[in-house]
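What follows is a short report on a single structure.
Residue numbers (the working numbering): 2 to 191.
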């Protein structure tokens, strides 16, 4: 399942397990994924949360207030913790978010967008109880993604304009090609 996760997204799952263990919880819930996102501190997901004033300490305190903290028994602390069905749903939603954005990997932004979509999870309840509007958070993620993709586009190589691509009688105007990538990175040898 984690094969298509970016390294940061994998780190979030590791941090989530550590947060669940530190809180003495028996499984990784959506609240732990949210804590893992903040603990990672990098990537679009974390930047979106931080830009809205959401920080790790406050979220951790809110999780403790809502569901409490358990005493950890030594024998319970070893091994991997299971994920809850809601977290499994969040992972599936994250894959769907990635697909909708046309990428073949799950990044921090997809995990956060999935947490927002899974409105019944504790992560959403924590955010709402802290006064966060989920739609505003979603818009912030998309805004950051847009800024990131536009800065990437500035560094793409310019598309060369071949004479065969020009519309006759319209100087400098290109005809729509059915193979723009091929046109940009190849030369017509005929």
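By construction, the Cβ of each residue, glycine as well, lies at the ideal position given by its N, Cα and C atoms. Computed from a predicted model, the values in this text were never measured in an experiment.
Inset, instruction - Quick one: using the 10 Å Cβ neighbour count with 16 as the cut-off for buried, is residue 8 buried or exposed? - result: Taking the first residue of the chain shown as position 1, residue 8 is located at position 7. It is exposed - the Cβ of residue 8 has fewer than 16 other Cβ atoms within 10 Å.
Legend entry - Euclidean distance between Cα positions of residue 131 and residue 63: The count along the chain shown starts at 1 and reaches residue 131 at position 130. The count along the chain shown starts at 1 and reaches residue 63 at position 62. Straight-line Cα distance between these residues: approximately 8 angstroms.
Inset, instruction - Give the single residue among 80, 124 and 53 whose Cα lies nearest to the Cα of residue 65. - result: In the chain shown, the residue the question calls residue 65 occupies position 64. Of 80, 124 and 53, the residue nearest in Cα terms is 124.
Inset, instruction - Buried or exposed for residue 58, please, with buried defined as at least 16 other CB atoms from any protein chain shown within 10 angstroms of its CB. - result: Here residue 58 refers to the residue found at position 57 of the chain shown. Residue 58 should be labelled exposed.
Legend entry - Chain-order list of residues whose beta-carbon lies under 6 angstroms from that of residue 122 (same chain, five-residue window excluded): As a first step, residue 122 is located in the chain shown; it is residue number 121 there, counting from the start. Here the set comprises 31 and 87.
Legend entry - Which of helix, strand or coil DSSP assigns to residue 64: Here residue 64 corresponds to residue number 63 of the chain shown, with the count starting at 1. Correct three-state label for residue 64: helix.
Inset, instruction - Determine the direct distance from the alpha carbon of residue 92 to that of residue 68, and round the result to whole angstroms. - result: By 1-based counting over the chain shown, the position of residue 68 is 67. By 1-based counting over the chain shown, the position of residue 92 is 91. Near 22 angstroms, if we compare the C-alpha coordinates of residue 92 and residue 68.
Legend entry - Buried or exposed by the 16-neighbour rule on C-beta atoms within 10 Å, applied to residue 221: Outside the shown range of the chain, which is 2 to 191, sits residue 221, and nothing can be said about it.
Inset, instruction - Spatial neighbours of residue 36 within its chain, please: CB distance less than 8 angstroms, with the 5 preceding and 5 following residues excluded, ordered by chain position. - result: On the chain shown, residue 36 is found 35 positions in, with the first residue counted as 1. Around residue 36: 16, 17, 20, 57, 60, 61 and 64.
Legend entry - Counted within 10 angstroms of its Cβ, other Cβ atoms place residue 136 as buried (16 or more) or exposed: Within the chain shown, numbered from 1, the residue matching residue 136 stands at position 135. Classification of residue 136: exposed, given that the 10 Å Cβ count is below 16.
Legend entry - Exposed unless 16 or more other CB atoms sit within 10 angstroms - verdict on residue 114: Along the chain shown, one-based indexing puts residue 114 at 113. Buried, by the Cβ-count rule.
Inset, instruction - Would you list the residues sitting across from residue 92 in a DSSP beta bridge? - result: One-based indexing of the chain shown puts residue 92 at position 91. Answer by DSSP bridge pairing: none, since residue 92 is not bridged.
Inset, instruction - For residue 55, name the three-state secondary structure that DSSP assigns. - result: Here residue 55 is taken as the residue at index 54 of the chain shown, counted from 1. Three-state result, residue 55: coil.
Inset, instruction - Return the residue from the list 52, 112 and 50 that minimises the CA-CA distance to residue 12. - result: The residue labelled residue 12 in the question sits at position 11 within the chain shown. Nearest of 52, 112 and 50 to residue 12, Cα basis: 112.
Legend entry - Nearest-angstrom Cβ-Cβ length linking residue 126 and residue 52, presumed shorter than 8 angstroms: On the chain shown, position 125 is the one that residue 126 refers to. On the chain shown, position 51 is the one that residue 52 refers to. 21 angstroms between Cβ atoms; not a contact.
Legend entry - Option in 80, 33 and 107 with minimal Cα separation from residue 96: Looking up residue 96 in the chain shown gives position 95. Looking at the Cα atoms, 107 is the closest of the given residues.
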